[in-house]
Amino acid sequence: MDTNNNKSALTVSTVKGSVRGAAVSGRPWKMVQTKRNSSIKKKSVRTALTSLQTIIGWANQLEDRKQKEIVKRMEFELKEEKRLALEEKKKREEERKQRKLENEKRAEVYQLVSAAKAKRMKKKQFKNLKKVGSDVSGKLDTKKALAMKALFLSGLDRREEAHEVIKKAIKNDINNHVCWHAYGLIYRAEKNYEEVIKCYTHALRIDKENLGIFRDFASMQVQLRNLEAYLEASLQIILLRPSVKLFWLSVAAAFHLSKDFDGALQTMNIYNDMFLTNGERGMDYENSEIIMYHAMILEESGDLQSALDLLDSKEKTILDKKSLKETRARILLNLGQKKQAEIAYKILFKSNPDSYHALEGIQKSKNLVGDLNSTQANALFELFEDLIDQYRRSNTLKRVPLNFASGDRFGRMIDHFLRFNFQKGVPSLFMSLRALYSDHAKLAKIQDLCLYYVENLSSYSQFGEPVLSNEEADDEEDIRVVEPPSALLWVYYYLAQHFDFLGERAKALEYIELAISHTPTLVELFMTKARILKHAGDVLTASEVMNYARNLDLQDRCINSKSVKYMLRAGNIEEAEKTIILFCRVDAVEKLQDLMDMQCSWFAYESGMAYAARGDYGRALKKFHQIEKFFFDIYDDQFDFHTYSMRKATLRTYIDLIRIEDQLRAHPYYFRAAIEAVKLYIYLSDIRVVVDQKKDNNRDEMSEAERKKALRKARKAELKGSATETTDNASKATVAVSTVNSSSNGAAKKKDDDPDGIKLLNEADLLTESLKFLKPLLQLSPNRIESQVLGASVYLRRKNYLLAVKALKKGLQIDAGNPELHKLAVQLALQVESDGNINEHVRPIVLDGLKSIISHDLKTFNSTYANDYAKKSLLHSVAVAEVSAMVDSPSLVAAIDALISLSSRIFGYKVEDAIAAHKSLVKLNASQAQIQAFSAKCVAIFPLASYFKAQ
1 MDTNNNKSAL TVSTVKGSVR GAAVSGRPWK MVQTKRNSSI KKKSVRTALT
51 SLQTIIGWAN QLEDRKQKEI VKRMEFELKE EKRLALEEKK KREEERKQRK
101 LENEKRAEVY QLVSAAKAKR MKKKQFKNLK KVGSDVSGKL DTKKALAMKA
151 LFLSGLDRRE EAHEVIKKAI KNDINNHVCW HAYGLIYRAE KNYEEVIKCY
201 THALRIDKEN LGIFRDFASM QVQLRNLEAY LEASLQIILL RPSVKLFWLS
251 VAAAFHLSKD FDGALQTMNI YNDMFLTNGE RGMDYENSEI IMYHAMILEE
301 SGDLQSALDL LDSKEKTILD KKSLKETRAR ILLNLGQKKQ AEIAYKILFK
351 SNPDSYHALE GIQKSKNLVG DLNSTQANAL FELFEDLIDQ YRRSNTLKRV
401 PLNFASGDRF GRMIDHFLRF NFQKGVPSLF MSLRALYSDH AKLAKIQDLC
451 LYYVENLSSY SQFGEPVLSN EEADDEEDIR VVEPPSALLW VYYYLAQHFD
501 FLGERAKALE YIELAISHTP TLVELFMTKA RILKHAGDVL TASEVMNYAR
551 NLDLQDRCIN SKSVKYMLRA GNIEEAEKTI ILFCRVDAVE KLQDLMDMQC
601 SWFAYESGMA YAARGDYGRA LKKFHQIEKF FFDIYDDQFD FHTYSMRKAT
651 LRTYIDLIRI EDQLRAHPYY FRAAIEAVKL YIYLSDIRVV VDQKKDNNRD
701 EMSEAERKKA LRKARKAELK GSATETTDNA SKATVAVSTV NSSSNGAAKK
751 KDDDPDGIKL LNEADLLTES LKFLKPLLQL SPNRIESQVL GASVYLRRKN
801 YLLAVKALKK GLQIDAGNPE LHKLAVQLAL QVESDGNINE HVRPIVLDGL
851 KSIISHDLKT FNSTYANDYA KKSLLHSVAV AEVSAMVDSP SLVAAIDALI
901 SLSSRIFGYK VEDAIAAHKS LVKLNASQAQ IQAFSAKCVA IFPLASYFKA
951 Q
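Under full-length UniProt numbering, the first residue of the sequence shown carries the number 1, and numbering increases by one thereafter.
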């Protein structure tokens with residue numbers, strides 16, 4: 001601005017008697033004589049110039065003032081930010097110092113305790129922590145010192161002393177939140193979660209802003225699935241610390257688990273506005289997971305389009321590309337955008353050509369699923385052919401078309417599939433094709449082809465008909481191809497499994513022997529032979545064969561475990577235990593206990609079944625309870641993940657974990673163990689009832705003097721038993737204390753005080769104990785017929801008639817002809833009729849429920865059932881005979897004869913069914929001739945079954 005002003009001044013100003021300046025050309029300016037009015041012109045120009053300079057000055061001043069104001073405002077804001085940051089820093093520093101002081105105080109206490117503990121243990125003079133507590137009391141106030149001491153005692157597994165100390169601390173000051181928090185931690189160590197929540201609730205009433213207690217309280221609520229309380233606690237934590245990211249994630253997870261998707265989405269939106277970073281170092285994975293979790297909520301809420309838009313907009317930010325592709329393909333398919341879904345699933349299939357899920361997605365996107373007409377079937381096979389051209393090594397594309405093919409097309413495809421796998425030597429071929437056996441036409445075709453292969457391979461070393469020699473061949477297709485010798489081996493192997501599946505054990509053994517004679521060193525052959533013998537009922541020989549297979553490869557853990565399982569089923573428990581420990585840890589002191597620590601469920605289950613078969617019911621119950629403890633521990637292990645998953649922002653995995661844990665006891669191993677445990681409890685309860693009835697009958701036959709003498713004798717035996725038990729407990733406690741004293745690290749494991757399960761057998765109410773296994777079955781596996789059968793059995797014996805009727809109705813909805821339910825329905829009707837102690841309000845409800853099950857009298861009900869189901873299987877015929885014994889004794893003989901006749905007219909039943917039918921005949925007091933006739937028929941069908949050989 002100043003330069004321009006100077007130029008204009010030079011241009012218009014003149015000085016009397018002087019030249020305005022040099023011309024551009026370099027010549028001097030021409031002097032011009034001015035007239036009188038020239039002075040006026042000079043004045044006006046000078047005035048305009050002055051005004052212009054004034055205006056320009058004002059503009060400059062205004063601009064400078066604005067600039068200064070901006071600078072001042074920025075300086076003020078910077079100073080304010082620095083001041084606030086300094087205050088925040090001071091506040092954090094004060095908090096840090098406070099925490100440091102508390103931690104130093106705690107650390108000093110811990111050091112005192114640890115030093116005292118180590119000193120006493122080194123001297124092998126383990127004493128309680130009273131002396132340490134007296135030392136600590138000088139450092140902390142009495143209440144906190146007692147709380148600390150209680151926690152130490154709890155950690156040392158001295159629970160009774162810990163409870164005494166913490167109760168004393170609470171008694172000294174009932175309004176101390178530290179004591180209540182410590183009490184909750186003690187209960188948590190004992191896994192008594194209900195009491196933990198009570199203690200935390202008391203602590204929060206005293207200190208409503210204690211963040212640590214609130215977090216423990218929230219974790220405990222979600223552990224017990226009190227989702228409303230978990231959500232409320234999470235919101236309270238947010239109010240206390242709204243600036244912490246993981247607390248907002250906890251709120252989102254709480255809303256999500258409570259099925260409140262609107263609340264979860266609002267929480268995620270707030271989180272994104274407050275915390276989601278862009279390009280911050282170390283936060284890429286966290287941001288990626290948060291976006292995927294946000295999309296998960298949107299998808300589950302039904303807002304699929306928003307979920308798709310979110311994934312598309314944040315595609316570059318998401319690091320888990322596989323999950324992104326899978327989620328996007330699934331959403332596109334659910335939105336009905338079939339073309340884009342097809343593209344997405346083809347991208348997935350390209351990354352993994354053996355993915356059944358991706359191939360199924362491609363089929364769904366082209367509407368080629370379900371029952372297909374001829375046009376759709378042709379389109380489907382065209383799709384498969386196109387994909388095979390691109391992915392020739394995909395095993396999925398070779399197997400899946402077999403599910404949809406039929407007729408000649410199936411024949412061509414299965415021929416190619418079988419030849420390829422026999423040439424490669426695939427041991428799992430039968431397991432791959434077993435699903436096709438539900439179609440009898442496909443089963444027959446597979447059998448014919450395999451027999452055809454055996455004939456040609458044995459004679460010509462090729463799968464098909466003989467072809468010309470190389471000299472006589474007209475073209476390359478006629479040239480003879482000799483198959484490898486192993487091809488015949490694998491055909492034998494397949495046929496052995498094939499006939500075993502069909503129940504033709506003799507043919508199965510014939511082919512497996514041919515395979516063994518071909519290659520006598522292949523482990524899989526002997527494993528299959530053992531399996532066939534097991535299915536035939538000869539478990540002892542099966543165990544020997546499986547052990548021979550184990551000796552062929554002593555380094556294989558799988559075959560070792562299989563051999564142990566067969567030993568247990570053969571009743572050779574001791575040998576099984578010696579074999580299973582071969583693969584336990586070398587440094588393990590008690591190797592069988594090491595198996596329990598590793599939660600080896602299959603071994604515990606098979607051991608329990610073996611002990612039950614031997615008649616050692618205490619040990620059997622012990623093993624089943626061990627499996628229950630395994631699953632309880634697995635459920636309990638999720639506790640640490642309630643906070644860990646929030647801290648690591650892995651919310652998708654966390655939600656999946658919670659849902660898996662909710663269905664944990666539907667796991668097959670738990671289901672089978674629970675079924676057997678409940679059956680065993682029912683059996684033991686029935687035996688106890690029979691024994692008690694015999695005692696009552698004997699007592700009635702005694703005279704008064706004999707009765708008093710028997711009572712005195714029983715009283716003395718009871719007192720002697722209680723005294724012995726007290727002595728044993730005291731000696732065990734002494735041994736435990738001495739063990740701890742002699743331990744250098746204090747980590748000695750607790751010794752099992754009931755290894756034989758005697759306490760489990762001596763429970764006062766065995767049926768009540770069975771509910772521990774039964775309730776998870778009814779809650780998590782209600783659609784399994786076994787759950788409803790056992791539920792009706794237990795509730796009938798407990799005289800919970802309403803629950804028994806409920807279980808019966810549910811079971812009949814699942815399987816209307818179930819033989820066990822048929823017997824239970826009749827037993828329930830008879831018991832309700834004879835029980836005079838039923839509540840007058842309950843009886844009509846039970847009778848109405850029974851009318852919907854038994855519409856006629858019991859004899860008619862049984863005869864109708866016999867007409868509809870008796871010829872279906874042996875077990876149905878057994879049910880008819882047992883009910884006849886209860887309600888229609890004259891027809892019992894005819895029912896038994898029908899059972900014996902049926903045993904030779906139907907095929908496909910298992911040896912276990914035949915054994916159960918034989919035991920039922922013995923229970924029904926059938927004649928010796930009838931039992932022998934039935935045994936002879938079973939021996940003809942199961943010639944290898946060791947059970948019928950012994951009869």
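All C-beta atoms, glycine included, are put in the ideal place defined by N, C-alpha and C. All of these numbers come straight from a predicted model, not from anything done at the bench.
Residue i versus residue j: straight-line alpha-carbon distance, rounded
{"i": "residue 220", "j": "residue 167", "result": "22 Å"}
{"i": "residue 520", "j": "residue 388", "result": "38 Å"}
{"i": "residue 855", "j": "residue 847", "result": "11 Å"}
{"i": "residue 370", "j": "residue 784", "result": "26 Å"}
{"i": "residue 180", "j": "residue 648", "result": "30 Å"}
{"i": "residue 402", "j": "residue 822", "result": "40 Å"}
{"i": "residue 424", "j": "residue 483", "result": "11 Å"}
{"i": "residue 140", "j": "residue 659", "result": "Summary for residue 140: the model assigns pLDDT 49, below 50, so the residue's position carries little reliability, and this model does not support an answer."}
{"i": "residue 505", "j": "residue 533", "result": "8 Å"}
{"i": "residue 669", "j": "residue 100", "result": "49 Å"}
{"i": "residue 194", "j": "residue 229", "result": "13 Å"}
{"i": "residue 690", "j": "residue 696", "result": "10 Å"}
{"i": "residue 603", "j": "residue 332", "result": "45 Å"}
{"i": "residue 481", "j": "residue 568", "result": "48 Å"}
{"i": "residue 849", "j": "residue 857", "result": "15 Å"}
Residue i, buried or exposed, once every other Cβ within 10 Å from all chains shown has been counted against 16
{"i": "residue 779", "result": "exposed"}
{"i": "residue 650", "result": "buried"}
{"i": "residue 851", "result": "exposed"}
{"i": "residue 632", "result": "exposed"}
{"i": "residue 745", "result": "Summary for residue 745: the model assigns pLDDT 41, below 50, so the residue's position carries little reliability, and this model does not support an answer."}
{"i": "residue 375", "result": "exposed"}
{"i": "residue 942", "result": "buried"}
{"i": "residue 145", "result": "buried"}
{"i": "residue 416", "result": "exposed"}
{"i": "residue 22", "result": "Bear in mind that a pLDDT of 49 at residue 22, under 50, signals an unreliable position, so the model cannot answer this."}
{"i": "residue 273", "result": "exposed"}
Nonlocal neighbours in the same chain, by C-beta distance under 7 Å from residue i, ignoring five residues either side
{"i": "residue 268", "result": "252, 294 and 297"}
{"i": "residue 25", "result": "The pLDDT assigned to residue 25 is 48, lower than 50, so where the model puts this residue is not dependable; a value taken from the coordinates is nonetheless given after this. Same-chain partners within the cutoff: there are none."}
{"i": "residue 557", "result": "583"}
Inter-residue CB distance, residue i and residue j (contact presumed, cutoff 8 Å)
{"i": "residue 560", "j": "residue 525", "result": "About 17 Å separates the two Cβ atoms, so there is no contact after all."}
{"i": "residue 921", "j": "residue 903", "result": "Their Cβ separation, rounded to whole angstroms, is 10 Å, which puts residue 921 and residue 903 out of contact at 8 Å."}
{"i": "residue 591", "j": "residue 584", "result": "4 Å"}
Selected residue, minimal CA-CA separation from residue i, among the options
{"i": "residue 174", "options": "204, 187, 154 and 782", "result": "204"}
{"i": "residue 511", "options": "523, 490 and 521", "result": "490"}
{"i": "residue 214", "options": "875, 508, 99 and 234", "result": "234"}
{"i": "residue 306", "options": "327, 250 and 756", "result": "327"}
{"i": "residue 488", "options": "358, 507, 508 and 451", "result": "451"}
{"i": "residue 359", "options": "805, 395 and 300", "result": "395"}
{"i": "residue 612", "options": "681, 586, 661 and 636", "result": "681"}
{"i": "residue 900", "options": "891, 936 and 911", "result": "936"}
{"i": "residue 350", "options": "380, 393 and 312", "result": "393"}
{"i": "residue 188", "options": "171, 684, 217 and 165", "result": "217"}
{"i": "residue 757", "options": "794, 656, 671 and 624", "result": "624"}
{"i": "residue 598", "options": "634, 408 and 571", "result": "634"}
{"i": "residue 535", "options": "549, 448, 518 and 509", "result": "509"}
Close beta carbons around residue i, own chain, < 6 Å, minus the five adjacent residues each side
{"i": "residue 938", "result": "914 and 948"}
{"i": "residue 777", "result": "674 and 787"}
{"i": "residue 738", "result": "Confidence at residue 738 is low in this model, with a pLDDT of 40, below 50, so its placement is unreliable and no value can be given for it."}
{"i": "residue 888", "result": "859"}
Contacting residues, own chain, Cβ-Cβ under 8 Å from residue i (five flanking each side not counted)
{"i": "residue 754", "result": "622 and 760"}
{"i": "residue 679", "result": "790"}
{"i": "residue 573", "result": "567, 607, 610, 611 and 614"}
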